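K.L.:
In terms of this note's numbering, the sequence shown has 207 at position 214, counting the first letter as 1, and numbering is strictly consecutive.
Glycine included, C-beta positions come from ideal geometry on N, C-alpha and C.
Computed from a prediction, not measured in an experiment: that's the story for all the values here.
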Amino acid sequence: MLGRVVSRVGRAPVARRVVTSTPGLRETTRRFVGGADAPSAVITAESLHEQGLRTTLHLRAGEVRTAAEADEHVRAYAELATRLASAGCGPASEISLRLDQLGLHAPGGWAGAVDRLHDVVARAADCGLFVTVDMGPEEEVGRTLAAVAAAREAHPSLGVTLQAALRRTADDCRMLAHGGSRVRLVKGEHPAAPGTGFAEPDEIDAAFLRCLAILMDGQGYPMVATHDPRLMDAALRLAREAGRKSPEWELQMLLGVRREDQRALAADGVRVRVYVPYGPDWYGWFVTRMAERPANLRLLAHALLSRDELRATEAV
Ligand code: FAD
């Protein structure tokens, strides 16, 4: 309920004006977003790399409904790849994108999106970067997996995201746990239909653990994306039990969330990758994060009251 209110208020033009123009608030938003353009995102990535973290950068540039908008996303990701390579971020950085950004819902549909995916992955590979495909709502899962399978024929390193909240995911994990296959496991941010998904948090956690065990026991490269301390501990234990050393799997978290844990785990030798959203629609991402976790609003309140953010009780 509070989340819905935050989402509605946050999207009002006046809220956007306040958040983007108040100096203290700008600092707080920068905690969760990598900036409004590629050069800022690369600077954010470099600073995270200096702290022993890895990054995956994700463009936020609004909905894609036309082929021209999808082509523009390809150009933007190509520019990002070039900038990351010039900054020497190659091995530490990668790109995360969604199939709808490449035109899944534009004229040309799936086939056009697959062609563009080939283009982005090829350009990223030239720059020494991997790409991982994010997963959208349930109705897109089959088409996304088919697109990844098609692109993997030329680019086997292309990663994909699977959502533990879907019942099909354990089977998808088995299918994708082969050598060289990069698979990111998440709880899933989209509600699933009752017959095909899990709704209760305990059920989703149990499904996550089952999927995690399959990936850790397999031959692929598991990317465990969660901020849930119990699931992070389980990942560390299962990796140990499967005999996986640090470069044979990784943890992933969002920029600004559990920052201390990110740094502490990296200092302990765990490979930790931070998901860095950036781009002209960074504000939409920021509001979604606030609505998802209204406790984060405490940070905004402190910033508005001109207190030192570092002294604020951290919500995350
Ligand atoms: P939760 O139980 O939601 O959170 C555990 C704890 O983490 C919370 O108690 C809180 O302390 C902290 N926390 C979690 N989220 C936040 C937040 N936003 N702000 C502050 N604290 C927070 N979902 C998809 O459906 N498709 C994708 O492609 C996808 N890609 C992702 C990539 C990465 C790198 C990450 C980290 C997540 C991704 N997600 C994706 C989102 C994911 O599905 C979950 O919705 C999200 O990670 C929250 O679940 P959790 O595992 O952190 O557990």
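Rounded to whole angstroms, what is the Cα-Cα separation between A34 and Y271?
P.N.:
Going by the C-alpha atoms only, they are around 6 Å apart.
K.L.:
Which of the three DSSP states, helix, strand or coil, is assigned to V141?
P.N.:
Correct three-state label for V141: helix.
K.L.:
Would V176 and L169 be called neighbours here (beta carbons separated by less than 8 Å)?
P.N.:
It is a contact, given that the beta carbons lie within the stated cut-off.
K.L.:
Would you check whether ligand 1 has a heavy atom nearer than 7 Å to the C-beta of A85?
P.N.:
Flag unset: Cβ of A85 not near ligand 1.
K.L.:
Return yes when the C-beta of R221 is under 7 Å from any heavy atom of ligand 1, and no when it is not.
P.N.:
Position check: residue 221 holds Asp in this sequence, whereas Arg was assumed. Yes, since a heavy atom of ligand 1 falls inside the 7 Å radius drawn around the Cβ of D221.
K.L.:
Pull up the DSSP beta-bridge partners for E43, would you.
P.N.:
E43 is not bridged to any residue.
K.L.:
Is it true that the CB of R160 sits closer than 8 Å to the CB of G129?
P.N.:
Not a contact, by the Cβ cut-off of 8 Å.
K.L.:
Does ligand 3 have even one heavy atom less than 7 Å from the beta-carbon of E285?
P.N.:
This structure lacks ligand 3; the ligands present are ligand 1.
K.L.:
Inspect the CB distances between the segment 74 to 85 and the segment 56 to 66 and report whether three or more fall short of 8 Å.
P.N.:
In short, these stretches do not touch, since the Cβ pair count stays below three.
K.L.:
List the endpoints of the continuous beta strand (DSSP E) containing G272.
P.N.:
It is not in any beta strand (DSSP E) - G272 carries neither H nor E in the DSSP assignment.
K.L.:
What did DSSP end up calling G152 once you bin it into helix, strand or coil?
P.N.:
G152 falls in the strand class under three-state DSSP.
K.L.:
Does the beta carbon of Y268 fall short of 7 Å from some heavy atom of ligand 1?
P.N.:
Correct: Y268 has its Cβ closer than 7 Å to ligand 1.
K.L.:
For E193, is the classification buried or exposed, using 16 other Cβ atoms within 10 angstroms of its Cβ as the cut-off for buried?
P.N.:
With fewer than 16 Cβ atoms within 10 Å of its Cβ, E193 is classed as exposed.
K.L.:
Run the CB neighbour count on I36, radius 10 Å, all protein chains shown included, and call it buried at 16 or more, exposed below.
P.N.:
With fewer than 16 other Cβ atoms within 10 Å, it is exposed.
K.L.:
At which residues does the alpha helix (DSSP H) containing A199 begin and terminate?
P.N.:
Unbroken alpha helix (DSSP H) run through A199: P194 to D210.
K.L.:
Look up V57 in the DSSP assignment and say whether it is helix, strand or coil.
P.N.:
Coil at V57, not helix or strand.
K.L.:
Please specify which runs of the alpha helix (DSSP H), each continuous and at least 4 residues long, are wholly inside the segment 90 to 143, giving them in chain order.
P.N.:
With a minimum length of 4 residues, the continuous alpha helix (DSSP H) runs that stay inside the segment 90 to 143 are 102 to 119.
K.L.:
Suppose contacts are defined by Cβ-Cβ distances below 8 Å. Is S89 in contact with R47 by that definition?
P.N.:
Cβ atoms of S89 and R47: not closer than 8 Å.
K.L.:
How far does the alpha helix (DSSP H) with F234 in it extend, from its first residue to its last?
P.N.:
The displayed chain sequence assigns Glu, not Phe, to residue 234. Unbroken alpha helix (DSSP H) run through E234: P222 to E234.
K.L.:
What is the DSSP secondary structure of E87, counted as helix, strand or coil?
P.N.:
Three-state DSSP puts E87 in a strand.
K.L.:
So, A60 versus G105, is the Cβ gap smaller than 8 Å?
P.N.:
Going by C-beta atoms, A60 is nearer than 8 Å to G105.
K.L.:
Could you name the residues of the same chain whose beta carbon sits closer than 7 Å to that of R9, not counting the 5 residues immediately before and after it, in chain order?
P.N.:
For R9, where only same-chain residues beyond five positions count, the Cβ hits under 7 Å are Y276.
K.L.:
Would you call the segment 146 to 153 in contact with the segment 114 to 129, where contact means no fewer than 3 C-beta pairs closer than 8 Å?
P.N.:
They touch, by the three-pair rule.
K.L.:
Check each candidate in W103, G83 and A158 and name the one with the smallest Cα separation from G188.
P.N.:
Out of W103, G83 and A158, A158 has the C-alpha closest to the C-alpha of G188.
K.L.:
Suppose you measure from the CA of E72 to the CA of Y268; what does that come to, to the nearest Å?
P.N.:
Computed Cα separation, rounded: 18 Å.
K.L.:
Is the Cβ-Cβ distance between H171 and G211 less than 8 Å?
P.N.:
It is a contact, given that the beta carbons lie within the stated cut-off.
K.L.:
Would you please state the rounded distance, in angstroms, between the beta carbons of E243 and R223? I believe it to be under 8 Å.
P.N.:
No, E243 and R223 are not in contact; Cβ-Cβ is about 18 Å, not under 8 Å.
K.L.:
Please confirm whether A140 and W103 have their CB atoms less than 8 Å apart.
P.N.:
Yes; because the gap between Cβ atoms is below 8 Å, this pair is in contact.
K.L.:
Using a Cβ-Cβ cut-off of 7 Å (strictly less than) and excluding sequence neighbours within five positions of V114, which residues of its own chain qualify?
P.N.:
Excluding sequence neighbours, V114 sits near V124, A144, H148 and L151.
K.L.:
Determine the DSSP secondary structure at H51, reduced to helix, strand or coil.
P.N.:
Reduced to three states, the DSSP call for H51 is strand.
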